[in-house]
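Visitor: Would you mind keeping the following structure in view while I ask a few things?
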DNA sequence: CTGAAAGCGCTAACAA
DNA sequence: TTGTTAGCGCTTTCAG
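Residue numbers (this note's numbering), protein chains in the order written: chain Z, 13 to 352; chain B, 13 to 352.
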């Protein structure tokens with residue numbers, strides 16, 4: 013015999029299926045005689061009854077699942093967020109359906125449709141390249157939604173963002189405290205909001221701290237990649253930039269700097285200090301271990317889950333966004349400048 | 013109006029819902045007049061009809077989903093496997109439901125139950141610590157299943173395994189070719205099949221190649237972790253072991269060796285060469301970049317998906333297992349020994 | 001080739 | 001407090 017159905021339980025307990033349903037559902041248990049309820053529960057238990065959420069979903073249009081849209085699971089940023097989300101959901105009895113989009117808007121649309129047709133009750137979207145029309149359409153359709161690491165510009169959706177500006181400021185303050193005055197910034201692509209926000213924050217931090225605000229100390233990377241970072245630093249150095257420290261747009265860009273150091277015999281941190289951003293895994297294994305700004309991915313995930321559950325519970329609730337504080341992880345790649 | 017239902021389509025096309033169903037389902041389309049079918053399809057298309065897989069699943073007990081059970085998504089081993097699985101499934105129109113178990117057998121059981129109750133048609137299990145009873149029970153229940161990176165011992169389940177033995181042999185051969193004769197092995201935990209298999213392969217490789225088969229050159233790590241690796245290497249060194257190279261059970265263990273090198277002023281590869289296993293991300297960024305055995309995770313995932321789809325398609329098909337060839341990625345942590 | 005009718009497992013009125 | 005009756009959206013006999 014296959015997994016027993018509600019009817020089997022009802023029959024075995026000598027009650028009607030509806031009564032069994034009520035007894036088994038904590039929310040409606042109050043409507044049922046305490047003894048009957050107890051009996052039904054016992055029978056269900058002994059039969060190993062598991063409610064079929066599919067059948068339930070068909071009736072209630074609720075599935076107990078939410079969709080999590082991630083551009084690329086192999087990017088170490090996302091797994092901790094995904095785990096945080098799972099953790100945040102499980103207390104409420106929800107579970108997450110993860111999908112990869114590979115940053116392809118066609119795939120993304122298909123995946124989202126598939127999630128929706130599986131009756132997810134809401135979406136957590138962590139994509140940077142989300143195609144706007146899709147998001148806006150979903151929002152109009154009233155799909156509960158939370159964005160992670162990105163805020164849409166046209167409309168109001170709750171979002172969870174790392175406080176990039178504060179993070180960059182931490183990095184610059186740290187370098188300034190060590191005595192650096194000529195700090196360069198290898199900004200992330202201007203096509204990403206993150207890149208822009210961090211660059212802007214860098215400039216205000218430099219200004220506020222009264223450091224050398226030389227425009228020739230800033231350059232932009234074409235991609236968030238090691239190779240782009242290397243290219244950018246070479247460009248700066250070849251242009252004769254006089255710098256003692258670098259704030260990289262993210263860790264990969266910082267890794268690119270390491271490559272240039274090796275290539276040109278530059279000592280880090282003696283000649284140039286470097287700060288990354290993200291605190292990817294294994295950064296502490298580099299030589300020197302990379303100082304970087306850490307993002308609490310797991311907490312961000314948990315919070316995203318909470319916001320989404322809130323939105324599902326009360327769709328009229330005004331959308332609330334949260335900015336997460338970051339912290340600086342000081343390792344070996346930063347030190348006082350060797351020269352004045 | 014919400015997403016249109018089959019009835020809406022049928023009505024708009026002037027046919028009965030049953031006919032519309034047949035026309036829309038490629039498998040039954042033959043039973044319907046070609047023109048009618050065409051018309052229905054056109055109407056469905058123009059209405060933006062999406063079949064509700066939940067309703068369908070209720071009837072057919074098929075859901076188009078498979079469950080993927082992963083111990084820890086933040087372990088860089090697994091994301092590429094997950095992506096491979098997704099890729100392998102998508103062609104067949106299936107999608108994957110990912111769950112984390114955190115290596116907790118209670119969680120694992122709960123997650124698997126939840127997957128099953130969501131009508132997944134099969135399971136890809138990548139857990140090392142899978143509690144046997146669960147697996148065996150699932151197997152008895154006839155749940156189609158594929159194991160990744162592990163073979164159950166009591167019963168027959170298709171599994172995809174990296175050819176660990178061949179990988180270890182590659183590592184040892186590489187070191188032998190460089191002139192090493194006294195090679196140590198920091199084995200993974202004996203509680204894991206991987207740990208045991210690699211250790212055994214190490215010993216036969218050493219023997220076959222006529223190297224020094226000194227038992228004092230082998231030790232076992234309590235965990236697959238950096239810290240355990242460091243502890244193990246210290247133990248060997250403190251015991252006065254005379255070695256010029258180390259084959260580590262995996263990359264994390266190799267990283268532990270790096271820590272000991274730093275701690276004790278040992279030069280790598282000049283004093284001691286190290287080979288890892290897995291080719292985690294960013295190993296090329298270490299100083300020195302780690303030579304390691306690479307596992308084709310993505311391909312393994314794709315193949316796992318294929319095997320599972322096969323098993324779902326024909327549950328009687330005899331279970332087939334595949335051993336995946338590995339390759340050695342030579343980087344800077346291995347070189348000829350400095351002394352004879 | 002197409003329609004009618006039943007039912008997958010569950011829940012939500014409504015009635016008793 | 002419990003049972004009856006529908007029906008979620010779809011597929012699948014079974015007739016016609």
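No residue lacks a Cβ here, since even glycine has one placed at the ideal position from N, Cα and C.
Since the structure is predicted, the reported quantities are computational estimates derived from the model, not experimental observations.
Bridge partners for residue 157/Z per DSSP, in chain order?
Guide: Answer by DSSP bridge pairing, in chain order: 135/Z.
Visitor: Near residue 24/Z, what residues of its chain come up, given a Cβ to Cβ distance below 6 Å and the 5 sequence neighbours on each side ignored?
Guide: These residues qualify, in order along the chain: 55.
Visitor: Candidates 224/B, 171/B and 193/B: which alpha carbon is nearest residue 364/B's?
Guide: As displayed, chain B neither begins before 13 nor continues past 352, which places residue 364/B out of reach and without an answer.
Visitor: So, does the CB of residue 129/Z fall closer than 8 Å to a CB anywhere in chain B?
Guide: Residue 129/Z counts as touching chain B.
Visitor: At a CB-CB cut-off below 7 Å, which residues of chain B make contact with residue 70/Z?
Guide: The contacting residues are 66, 67 and 70.
Visitor: Please confirm whether residue 342/Z and residue 187/Z have their CB atoms less than 8 Å apart.
Guide: Taking 8 Å as the Cβ cut-off, residue 342/Z and residue 187/Z do not qualify as a contacting pair.
Visitor: Output, in chain order, the set of chain Z residues within a Cβ distance shorter than 8 Å of residue 202/B.
Guide: In chain order: nothing, as chain Z lies at least about 26 Å away.
Visitor: Going straight from the alpha carbon of residue 283/Z to that of residue 262/B, what length do you get?
Guide: Approximately 35 Å between the Cα atoms of the pair.
Visitor: Check whether the Cβ of residue 294/Z lies closer than 8 Å to any Cβ atom in chain B.
Guide: Yes - at least one Cβ of chain B is within 8 Å of the one on residue 294/Z.
Visitor: If residue 240/B sits next to residue 280/B, beta carbons under 8 Å apart, how far is it from one beta carbon to the other, in whole angstroms?
Guide: The pair is not a contact, with the Cβ atoms about 19 Å apart (cut-off 8 Å).
Visitor: For a contact meaning CB atoms closer than 7 Å, what does residue 112/Z contact in chain B?
Guide: In chain order: 95 and 98.
Visitor: What three-state label does DSSP hand residue 243/B in the structure shown?
Guide: Residue 243/B: helix per DSSP, three-state reduction.
Visitor: Would residue 54/B pass as an interface residue toward chain Z - the criterion being a Cβ-Cβ separation below 8 Å?
Guide: No - not a single Cβ of chain Z is within 8 Å of the one on residue 54/B.
Visitor: Taking the alpha helix (DSSP H) that residue 91/B belongs to, which residues open and close that run?
Guide: It spans 90-102 - the alpha helix (DSSP H) in which residue 91/B sits, taken as one unbroken run.
Visitor: Determine whether the Cβ of residue 13/Z lies closer than 8 Å to any Cβ atom of chain B.
Guide: Bear in mind that a pLDDT of 47 at residue 13/Z, under 50, signals an unreliable position, so the number given afterwards is only what the model happens to contain. For residue 13/Z, the answer is no, since every Cβ of chain B falls outside 8 Å of its Cβ.
Visitor: For the stretch 295-307 of chain Z, which residues have a beta carbon sitting closer than 7 Å to at least one beta carbon of chain B?
Guide: Here the close residues are 297, 298 and 299.
Visitor: Strictly under 8 Å for the Cβ-Cβ distance: is residue 88/Z near chain B by that measure?
Guide: Yes, contact with chain B.
Visitor: By the 8 Å beta-carbon criterion, what residues does the stretch 266-280 of chain Z contribute toward chain B?
Guide: Cβ contacts with chain B come from 267 and 270.
Visitor: So, does the CB of residue 33/B fall closer than 8 Å to a CB anywhere in chain Z?
Guide: No, residue 33/B does not count as interfacial toward chain Z.
Visitor: Scan the stretch 114-127 of chain Z for residues whose Cβ lies nearer than 7 Å to a Cβ of chain B and list them as they occur along the chain.
Guide: Taking 7 Å as the Cβ-Cβ cut-off against chain B, the residues of the stretch 114-127 of chain Z that qualify are 125 and 126.
Visitor: Using beta carbons (cut-off 8 Å, strictly below), is residue 85/B in contact with chain Z?
Guide: Yes, residue 85/B counts as interfacial toward chain Z.
Visitor: Determine the direct distance from the alpha carbon of residue 144/B to that of residue 113/B, and round the result to whole angstroms.
Guide: Straight-line Cα distance between these residues: approximately 15 Å.
Visitor: Return the residue from the list 91/B, 204/B, 223/B and 169/B that minimises the CA-CA distance to residue 191/B.
Guide: Measuring from the Cα of residue 191/B, the nearest candidate turns out to be 223/B.
Visitor: Locate the alpha helix (DSSP H) running through residue 273/Z, then write down its first and last residues.
Guide: Here the alpha helix (DSSP H) through residue 273/Z covers 263-276.
Visitor: So that I know if they touch, is there some Cβ in chain B lying closer than 8 Å to that of residue 352/Z?
Guide: Reliability of the predicted coordinates at residue 352/Z is poor, the pLDDT of 44 falling under 50, and the value obtained from them is presented with this limitation in mind. Taking Cβ atoms only, chain B never reaches closer than 8 Å to residue 352/Z, which makes this a no.
Visitor: Does the beta-carbon of residue 73/Z have 16 or more other beta-carbons within 10 angstroms, so that it is buried, or is it exposed?
Guide: With fewer than 16 other Cβ atoms within 10 Å, it is exposed.
Visitor: Would you tell me roughly how many angstroms separate the C-alpha atoms of residue 325/Z and residue 87/Z, rounded to the nearest one?
Guide: Between residue 325/Z and residue 87/Z, the C-alpha separation is close to 31 Å.
Visitor: Does residue 325/Z come out as helix, strand or coil in the three-state DSSP assignment?
Guide: If DSSP states are grouped into helix, strand and coil, residue 325/Z belongs with the helices.
Visitor: For the candidate residues 91/Z, 68/Z, 38/Z and 64/Z, whose alpha-carbon lies nearest to that of residue 292/Z?
Guide: Comparing Cα-Cα distances from residue 292/Z to each of 91/Z, 68/Z, 38/Z and 64/Z, the minimum goes to 91/Z.
Visitor: By the DSSP assignment, the alpha helix (DSSP H) with residue 207/Z in it spans what residues?
Guide: Element bounds for residue 207/Z: 205-220.
Visitor: Please return the same chain residues whose Cβ sits closer than 6 Å to the Cβ of residue 321/B, not counting the five positions on each side in sequence.
Guide: Excluding sequence neighbours, residue 321/B sits near 104.
Visitor: Are at least three pairs of beta-carbons, each pair with one atom in the stretch 311-320 of chain B and one in the stretch 192-207 of chain B, less than 8 Å apart?
Guide: With a cut-off of 8 Å, the stretch 192-207 of chain B and the stretch 311-320 of chain B do not count as touching, because too few Cβ pairs lie within range.
Visitor: When Cβ atoms are compared, which residues of the stretch 322-352 of chain B fall closer than 9 Å to chain Z?
Guide: Residues passing the 9 Å Cβ filter: none.
Visitor: Cα separation between residue 231/Z and residue 220/Z?
Guide: The alpha-carbon atoms of residue 231/Z and residue 220/Z are separated by roughly 20 Å.
Visitor: How is residue 105/B classed by DSSP in three states: helix, strand or coil?
Guide: Correct three-state label for residue 105/B: coil.
Visitor: Got a sec: is the Cβ-Cβ distance from residue 62/B to anything in chain Z below 8 Å?
Guide: Yes, residue 62/B lies at the interface with chain Z (some Cβ there is under 8 Å from its Cβ).
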